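In the numbering used here, the protein residues as written are 624 to 742. Cβ atoms here follow ideal geometry from the backbone N, Cα and C, with glycine treated the same way. Predicted model, so just to flag it, every value in this text is computed and none were measured. Read the structure below first, then the notes.
Dropping the structure here:
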């Protein structure tokens, strides 16, 4: 709320301070609620900060805070946001699975090479 007022009255230093505090307050357990708050404020910079945090921490979010996404169930007006979050999660999880498969394949290839060297 303070960031929106600071933006409206062009209090640049206060605005920057509010944005920084918003970013510092982002946690895996509160990012969805803060994203909703950012959306409601109309401040794109806050939405971008929350979304960036979500993207950077999607795996941890998926492991620890999926239940918090339920806050969006009460907000049908944010269906697009919910879809975006789920798309991000899907992409990050798919990428992580690909990395794990590549490691497994590399480990298997390494074991085969080791067996060949012994023979």
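Option in the options with minimal Cα separation from residue i
| i | options | result |
| --- | --- | --- |
| residue 709 | 721, 682, 725, 724 | 682 |
| residue 652 | 688, 628, 702 | 688 |
| residue 644 | 625, 659, 634, 631 | 625 |
| residue 704 | 671, 720, 730, 724 | 671 |
| residue 718 | 679, 702, 694, 695 | 679 |
| residue 669 | 646, 685, 684 | 646 |
| residue 655 | 707, 725, 728, 722 | 707 |
| residue 604 | 698, 634, 715, 697 | Lying before the first or after the last residue shown, residue 604 is absent from the chain, which here runs from 624 to 742. |
| residue 698 | 637, 663, 631, 638 | 663 |
C-beta atoms of residue i and residue j nearer than 8 Å
| i | j | result |
| --- | --- | --- |
| residue 657 | residue 666 | no |
| residue 673 | residue 690 | no |
Alpha helix (DSSP H) segment containing residue i, residue limits
| i | result |
| --- | --- |
| residue 632 | Premise fails: residue 632 is in no alpha helix (DSSP H) and is neither H nor E. |
Cβ separation of residue i and residue j, assumed to be a contact under 8 Å, to the nearest whole Å
| i | j | result |
| --- | --- | --- |
| residue 677 | residue 711 | 6 Å |
| residue 694 | residue 722 | Actually they do not touch by this definition, with Cβ atoms about 30 Å apart. |
> Hey, which unbroken runs of the alpha helix (DSSP H) at 4 residues or more fall wholly within the region 633–710?
Replying inline: 635–647, 654–664, 667–679, 681–687
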